[in-house]
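For reference, the structure is listed below as structure tokens.
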Amino acid sequence: MMNLHALAKQWGGEVCNGEILIPGPGHSPNDRSLSVRPSGEGFVVHSFAGDHIKDCLDHVEGLLGGQPIKFDLKQNDTPRPDNKPKALAIWAESQPWQGSLVETYLAGRGVALPPDCVDVRFNPACPMGREIVPAMVALIRSVSTLEPLAIHRTHLNLDGTKGRLDRMALAPMADGVVMLTPYNRVWMDLGIGEGIETALSLQACPDFGNKPIWAALNAGQLSKFFLPNIDRLVIAADHDPAGVRAALTCGQRAADQGTEVTLIAPTEFKTDLNDLLKGAAS
1 MMNLHALAKQ WGGEVCNGEI LIPGPGHSPN DRSLSVRPSG EGFVVHSFAG DHIKDCLDHV
61 EGLLGGQPIK FDLKQNDTPR PDNKPKALAI WAESQPWQGS LVETYLAGRG VALPPDCVDV
121 RFNPACPMGR EIVPAMVALI RSVSTLEPLA IHRTHLNLDG TKGRLDRMAL APMADGVVML
181 TPYNRVWMDL GIGEGIETAL SLQACPDFGN KPIWAALNAG QLSKFFLPNI DRLVIAADHD
241 PAGVRAALTC GQRAADQGTE VTLIAPTEFK TDLNDLLKGA AS
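Residue 1 is where the sequence shown starts when you use the numbering used here, and the numbers rise one by one after that.
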């Protein structure tokens, strides 16, 4: 039987509030975006970077090497903290995106936010893990209630390029997405992709243009997304197993309800629509 501190040392992570924080699948050794928490006879994973849950589970199973795991819970029963107030406080402290590094960053990716976007902001001193950095901050709202649930942060360098820290979500996302176009403008067509940059890249598609766009942020969120009473859903699928699976699940659910569904995906493996857009521009 192992305690959390022994496993954290073995996996290159650390213990915080009764859970192990370790590098997520494919992330750098300094990353701490994957939470592994004891639960009954096993464990529960949560990705603060928005990685797909299956990828996270496979990652932890790989670390275990097929060995069963039993935790010593005598001193590891601290409940998970409620991070929603912290997330919304960071959001409240953030500034409009117009004229900020957010605009510079997205321009470098070949995309731009819709002029009426209100759920993306810039924070010049945003907490991300143990660091304070400039960041693009996106508000995550519930699709069913429009309630603010969480935030998503992208580290930005001072020249407007992507920073070295992995993207991070803060607080449970439930059925949330980033509404890059306000909800009240969505009534016929909607485009959705995993990443913010991917979703914005739909604007470059000739038959899509300036129609409303939202970002699911990861494959898990995309796979459970559903918005009733729209005519057409355009899904920008990431070309990887989790991304394709999520897009097909999302699309089938919408089609079953009578929505016209269009899937757009690059042909090259491990790329997304923004990679395709940048490649065409170079």
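Ideal placement from N, C-alpha and C gives every residue a C-beta, glycine not left out. No experiment lies behind these values; they were computed from the predicted model shown.
Three-state class that DSSP yields for residue i in the structure shown
i: T249; result: helix
i: D119; result: coil
i: L227; result: coil
i: V111; result: coil
i: K74; result: With a pLDDT of 49 at K74, under the threshold of 50, the modelled position of this residue cannot be trusted; read the value that follows with caution. Coil at K74, not helix or strand.
i: P241; result: helix
i: R141; result: strand
i: T294; result: With the chain represented from 1 up to 282, any question about residue 294 goes unanswered, as that position is not in the structure.
i: V60; result: helix
i: V102; result: helix
i: G209; result: coil
i: G163; result: coil
i: G176; result: strand
i: G65; result: coil
i: D272; result: coil
i: Q257; result: coil
i: T181; result: coil
i: T198; result: helix
i: A280; result: helix
i: N3; result: coil
Segment limits, beta strand (DSSP E) that includes residue i
i: G193; result: D189 to G193
i: P148; result: P148 to H155
For residue i, the residue or residues it bridges with in DSSP
i: F43; result: P38
i: H52; result: None; H52 has no bridge partner.
i: W214; result: I192
i: M128; result: E131
i: A169; result: H152
i: M136; result: F122 and T154
i: P96; result: R121
Extent of the continuous alpha helix (DSSP H) run through residue i
i: V323; result: In the structure displayed, the chain extends from 1 to 282; residue 323 sits before or after that span and is not available.
i: E268; result: Taken as a continuous stretch (DSSP letters only), E268 belongs to no alpha helix (DSSP H), as it is neither H nor E.
i: A87; result: K84 to E93
Checklist entry - Below 8 Å, can you find three or more Cβ-Cβ pairs linking the region 45-63 to the region 234-251? => result yes
Checklist entry - For the region 103-118 against the region 267-281, are there 3 or more C-beta pairs whose distance is under 8 Å? => result yes
Checklist entry - Does the pairing of the region 159-176 with the region 186-193 give three or more beta-carbon distances under 8 Å? => result no
Next on the checklist: For the region 171-186 against the region 82-91, do three or more pairs of beta-carbon atoms, one drawn from each stretch, fall closer than 8 Å, so that the two count as touching?
Outcome noted: yes
Checklist entry - Where are the beta strand (DSSP E) runs, 3 residues long or more, that stay fully inside the region 7-36, in chain order? => result 14-16 and 19-22
Next on the checklist: Measuring CB atoms only, is the region 221-230 touching the region 125-134, in the sense that at least three cross pairs come out at less than 8 Å?
Outcome noted: no
Next on the checklist: Does the contact criterion of 3 or more C-beta pairs under 8 Å hold for the region 153-162 versus the region 12-25?
Outcome noted: no
Checklist entry - Using 8 Å as the threshold, is the region 195-202 in touch with the region 211-224, meaning 3 or more CB pairs across them? => result yes
Checklist entry - How do the region 56-65 and the region 93-104 stand: do at least 3 beta-carbon pairs fall below 8 Å, yes or no? => result no
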